[in-house]
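The next block holds one structure in the form of structure tokens; read it before the comments.
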Amino acid sequence: MIRLALPFVPYVAAAAIAALLGGVIYVQHLTGRIDTLKHENARLAGQIATCTARVGNIQEDKESDAKVSDPGSFAVPDGWMRP
């Protein structure tokens, strides 16, 4: 029985090493994928933040426009006039 198993020992060892190497490569792949997803998440969070700021600016502009009922009666500051 032992004589029968001895010829297969190098193959079993090679298979174990290959499986270990494959596992290490797979873990490295997953780590890279996690980093990619973190960067994508940060990019999307930045886009949402700038979009929120733009919407806030638009709402503020609409509110200030609503305060001026007649544009002809609006006092224009001197700094806005061309020299």
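The opening residue of the sequence shown carries number 755 in the working numbering; numbering runs sequentially from there.
Where is the CB? At the ideal position from N, CA and C, for every residue including glycine.
As the structure is a computational prediction, the values presented were derived from the model and not from experiment.
- Cα atoms of Asp789 and Ala767: separation of roughly 33 Å, rounded to the nearest angstrom.
- For Ser823, the secondary structure class from DSSP, reduced to helix, strand or coil, is coil.
- In the structure shown, Phe828 falls within a coil segment according to DSSP collapsed to helix, strand and coil.
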